[in-house]
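Numbering (the numbering used here), first residue to last: 9 to 227. Don't be surprised by glycine CBs; every beta carbon is placed ideally from N, CA and C. Bear in mind that the values here come from a model prediction, so they are computed numbers and not experimental data. These notes are about the structure you will find just below.
In structure tokens form, the structure reads like this:
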């Protein structure tokens, strides 16, 4: 029998998932850039990366993809895991901070030719839009290329008091998902904590984010 807290998490997650699903169904959704890399027939497996503040907008974007969603072992992670399950993704729980690399061993065991990974660039605790080393170390271990994703929303509410400026898109909207060029992470990129490759990915994503939503036709 589930505890009251578990039942509350399940109900809340279903409400959140139903809302973002309605937003997508009622909105004009556009995919630009390397959109073919999100096709269900794409054979290469990637590590999808995006800003923590855009994570709520991301859930329906990879629908029908086999996906491991990395999330933390805390209350925040409970909600993310439940919402991920609603969309058919598989949550993978990892600690907030490095625990000696044990979580990398867990990830290594889940490397699968059929599953992609999804992880926020600046999560789980920020700072805002400062890429952390974890996704790049993960790319090095799994040998998957990083696939940066930028989400632009025409009408949204930002939770300014949160460190990530969490975005809640409104219904009947215009949403653009930009699929950037994949990034290969090599051993030489480990120098200075992946600083050069982190800066490149950040620059590409932020340069695109300041542009207006395109006039391309919706999918």
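- Note that the C-beta distance between residue 124 and residue 74 is below 8 Å.
- Checking the DSSP bridge columns, you'll see residue 126 partnered with 56 and 77.
- Straight across, the Cα-Cα distance linking residue 37 with residue 186 is about 11 Å.
- Its Cα nearest to that of residue 72, the residue 49 stands out among 49, 117 and 27.
- If only uninterrupted alpha helix (DSSP H) runs of at least 4 residues are considered, those enclosed by the segment 121 to 192 are 142 to 150.
- Across the set 30, 22 and 156, the C-alpha of 30 shows the shortest separation from the C-alpha of residue 178.
- By the criterion of a C-beta distance shorter than 6 Å, residue 158 is surrounded in its chain by 186, 213, 216 and 217, once the five residues flanking it on both sides are discounted.
- Taking all protein chains in view, the Cβ of residue 172 is crowded by 16 or more other Cβ atoms within 10 Å, so the residue is classified as buried.
- For the pair residue 152 and residue 55, the Cα-to-Cα distance works out to about 6 Å.
- For the options 129, 147, 162 and 46, the alpha carbon positioned closest to that of residue 210 is the one of 129.
- About 15 Å separates the beta carbons of residue 83 and residue 102, which is beyond the 8 Å limit, so they are not a contact pair.
- Taking all protein chains in view, the Cβ of residue 204 is surrounded by fewer than 16 other Cβ atoms within 10 Å, so the residue is classified as exposed.
- Assignment of residue 103 by DSSP, reduced to helix, strand and coil, places it in the coil class.
- The beta-carbon distance between residue 68 and residue 28, rounded to whole angstroms, is 6 Å. This is short enough to meet the 8 Å contact definition.
- When the beta-carbon positions are compared, residue 100 and residue 136 stay at least 8 Å from each other.
- Taking residue 66 as reference, the option from 53, 80, 97 and 120 with the minimal CA-CA separation is 97.
- Relative to the Cα of residue 170, the nearest Cα in the group 162, 208, 131 and 191 belongs to 131.
- In the three-state reduction of the DSSP assignment, residue 119 falls in the coil class, being assigned neither a helical nor a strand state.
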